[in-house]
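A.B. asks:
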Amino acid sequence: METVLAKWGNSLGVRIPKGMAADAGLDAGDAVSITQSAEGIVIKKAQPKPQYRLADLVSQITDENRHEATEWGDPMGREIW
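Residue numbers for the sequence shown follow the working numbering, beginning at 2 and rising by one.
1) Would you check if the distance between the CB atom of Asp31 and the CB atom of Lys46 is smaller than 8 Å?
2) Ignore the nearest five residues each way along the sequence and tell me which others in Ala7's own chain have a CB closer than 6 Å to its CB.
3) Leaving aside the five residues before and after Glu72 along the sequence, list all residues of the same chain whose C-beta is less than 6 Å from its C-beta, in chain order.
4) Between which two residues does the alpha helix (DSSP H) carrying Val5 extend?
5) Reducing DSSP to helix, strand and coil, say where Leu27 ends up.
6) Mind reading off the beta-carbon distance from Asp17 to Leu27? Whole number of angstroms is fine, and I expect it under 8 Å.
7) Just how far apart, CA to CA, sit Ala22 and Val33?
8) Rounded to a whole number of angstroms, what is the C-alpha to C-alpha distance between Ile62 and Val43?
Next up, the structure:
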């Protein structure tokens with residue numbers, strides 16, 4: 002399929018036909034990732050960023066992966082330790 006690029010501020014915009022967007026699982030407002038390759042530009046639906054909960058992260062601390070305290074030296078400037 003061919004389409005025409007449109008000027009959008011200092012950038013260029015491309016319209017994705019409704020059927021093609023639906024087939025790709027895209028909707029208005031979705032985040033996409035854009036990469037450039039030797040063949041051209043690839044637009045994909047962005048992968049959601051993982052959501053971390055502090056309790057889940059802390060629960061993964063074990064004696065094997067826990068490190069010793071680090072000595073950072075005396076406070077400098079207005080640092081308070």
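Even for Gly, the Cβ is constructed at its ideal location relative to N, Cα and C.
C.D. replies: The answer reads as follows:
1) Yes; because the gap between Cβ atoms is below 8 Å, this pair is in contact.
2) Contacts found: Gly14.
3) Closer than 6 Å at the Cβ level, and outside the excluded window around Glu72, lies no residue.
4) Val5 -> no alpha helix (DSSP H), and no H or E assigned at all.
5) Here Leu27 sits in coil by DSSP.
6) A small fix is needed here, since residue 17 is Ile in this sequence, not Asp. 7 Å between Cβ atoms; contact.
7) Looking at the two C-alpha atoms, the distance is approximately 12 Å.
8) In this model, Ile62 and Val43 are separated by some 39 Å (Cα to Cα).
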